[in-house]
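In the working numbering, the protein residues as written are 171 to 288.
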């Protein structure tokens with residue numbers, strides 16, 4: 171697999187940014203993809219929604235990189251929430267590693283944006 175298997179798109183949403191990721195996140199592209207996600211979140215942004223709805227698979231390397239991303243954003247006092255539908259493979263994987271202890275997980279973008287705004 172190559173970096174082209176993951177696509178990162180972002181758009182501002184008030185004081186926050188929504189970063190949509192699609193494809194697969196694995197050992198081959200996890201580092202570059204998480205760097206792209208981080209670069210898509212301006213330092214003046216209060217927080218970010220990382221939408222993983224269109225991610226079909228993520229491996230342990232990608233999970234480790236996502237944990238690192240949440241830590242770096244917290245150091246900059248930026249909040250992060252994650253979107254992944256309940257029941258999806260990615261949602262179950264993030265539950266298994268207790269990812270919600272570092273970033274809340276929501277089923278929909280609307281729920282995530284509401285949580286980030288509060």
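No residue lacks a Cβ here, since even glycine has one placed at the ideal position from N, Cα and C. These figures come from a predicted structure and were not determined experimentally.
In the DSSP annotation of this structure, the continuous segment of the alpha helix (DSSP H) that includes residue 233 starts and ends at 230 to 245. For residue 213, the number of other beta carbons within 10 angstroms of its own is below 16, and it is reported as exposed. About 6 angstroms separates the Cβ atoms of residue 189 and residue 218, confirming a contact at the 8 angstroms cut-off. Between residue 192 and residue 244, the C-beta gap is not smaller than 8 angstroms, which leaves the two residues out of contact.
Here the alpha carbons of residue 288 and residue 258 stand approximately 26 angstroms from one another.
For residue 180, the enclosing beta strand (DSSP E) has its first and last residue at 176 to 183. Around the beta carbon of residue 215, 16 or more other beta carbons lie within 10 angstroms, which makes this residue buried.
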